[in-house]
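Read the structure below first, then the notes.
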Ligand SMILES: C[S@@+](CC[C@H](N)C(=O)[O-])C[C@H]1O[C@@H](n2cnc3c(N)ncnc32)[C@H](O)[C@@H]1O
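Below is the structure:
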């Protein structure tokens, strides 16, 4: 006698519903760096206000990664020169930024590329310094090169810097050293040759990256 196949009604649909539910409940792995300012809207608002208030005419970014902040700055209508050392990130960034007007991506280490860009940018320029994750941390060399260019009107935004009174905000740690403003104050002083103003994203939500803003007096 031929075997009879038993067809369970709704089995396939039930399985699909179960799978969809599991997918919805699974933790989402979003690369935080693909979202500009790690999704911190307070920081995004502060950066935009800083750019407008201080009349920046161009942005130089060190550390492109996959181009999230490059694209964000370009959306403000400014030309953006961005430098990335890692060839893998570079090709992702180039693909994501193709067709984004005003963006130029440079390959190499920021300390080697900055001297080529500095003579080309209009003044005042905003330097968004965000290159790290490697053994060589170029921040001090970047600040030295800006000082050597004579751009006393440079505007600076330094990402992943400790914020006074906000120990929960994230700061870059390299070789057991945490980035705080004290660590770079002499390098920043060499740029302005006089007084300058420092502020922080101290109103950002808990655990956001810390940001320091530096500008010369008006
Ligand atoms: C925090 S990510 C940049 C994130 C990006 N600015 C954003 O917010 O979307 C740091 C990047 O700096 C790059 N980097 C590290 N050292 C560098 C150097 N000396 N010159 C240029 N880029 C460097 C890393 O490869 C990495 O992509």
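In our numbering, the protein residues as written are 1 to 218.
Note that CB positions come from ideal geometry on N, CA and C, so glycine has one too.
Residue ranges of each alpha helix (DSSP H) run of no fewer than 4 residues wholly in the region 106-136, ordered along the chain?
-> Whole alpha helix (DSSP H) segments, 4+ residues: 110-117.
* Classify residue 104 as helix, strand or coil using the three-state DSSP reduction. => Strand at residue 104.
Report task. Give me the Cβ distance between residue 69 and residue 101, rounded to the nearest whole Å; I'm assuming they're in contact under 8 Å. Result -> About 16 Å separates the Cβ atoms of residue 69 and residue 101, ruling out a contact at the 8 Å cut-off.
### Task
Kindly examine ligand 1 and report whether one of its heavy atoms sits closer than 8 Å to the Cβ of residue 161.
Residue 161: no, Cβ never under 8 Å from ligand 1.
request  = Taking all protein chains shown into account, decide if residue 197 is buried (16 or more other Cβ within 10 angstroms of its Cβ) or exposed.
outcome  = Result: exposed.
Legend entry - Buried or exposed by the 16-neighbour rule on C-beta atoms within 10 Å, applied to residue 168: Exposed is the label assigned to residue 168, since fewer than 16 other Cβ atoms lie within 10 Å of its Cβ.
Own chain partners of residue 189 with C-beta closer than 8 Å, once the 5 adjacent residues on each side are dropped:
Excluding sequence neighbours, residue 189 sits near 196.
*Which whole-angstrom value is the C-beta distance of residue 204 and residue 40, which I expect to be below 8 Å?*
Going by Cβ atoms, the distance from residue 204 to residue 40 rounds to 5 Å, so yes, they are a contact pair.
- prompt: Among 16, 212, 43, which residue has its Cα nearest to the Cα of residue 129?
  reply: Relative to the Cα of residue 129, the nearest Cα in the group 16, 212, 43 belongs to 212.
Exercise. In chain order, which alpha helix (DSSP H) runs of at least 4 residues are fully inside the region 15-103?
Worked result: Assignment of alpha helix (DSSP H) within the region 15-103, counting only whole runs of 4 or more residues, yields 41-53, 68-74, 87-97 in chain order.
Apart from the five residues just before and just after residue 283, which ones in its own chain have a Cβ nearer than 6 Å to its Cβ?
-> The displayed coordinates of the chain run from 1 to 218. Any statement about residue 283 would go beyond what the structure contains.
Residue 185, DSSP secondary structure in three states: For residue 185, the three-state secondary structure derived from DSSP is helix.
For residue 158, count neighbouring Cβ atoms within 10 angstroms of its own Cβ and tell me buried if that reaches 16, exposed if not. Its Cβ being crowded by 16 or more others within 10 Å, residue 158 is buried.
key: residue 199, enclosing beta strand (DSSP E) - first and last residue   = DSSP places residue 199 inside the beta strand (DSSP E), whose first and last residues are 197-200.
**Through-space distance from residue 160 to residue 64, alpha-carbon basis** = Distance from the CA atom of residue 64 to the CA atom of residue 160, rounded to whole angstroms, is 14 Å.
For residue 145, which residues in the same chain have their Cβ closer than 8 Å to its Cβ, ignoring the five residues on either side in sequence? If the five residues before and after residue 145 are omitted, its C-beta is found closer than 8 Å to the C-beta atoms of 111, 114, 115, 118, all from its own chain and listed in chain order.
Practice problem: Per DSSP, which residues does residue 178 bridge with? Please list them. | Solution: Beta-bridge annotation (DSSP): residue 178 is paired with 173.
For the alpha helix (DSSP H) containing residue 144, list its first residue and its last residue. Unbroken alpha helix (DSSP H) run through residue 144: 139-149.
query = Cβ atoms of residue 89 and residue 66: under 9 Å apart, would you say?
reply = It is a contact, given that the beta carbons lie within the stated cut-off.
Considering only the alpha carbon of each residue, which of 134, 171, 48, 61 lies closest to residue 142? Closest option to residue 142, Cα to Cα, is 61.
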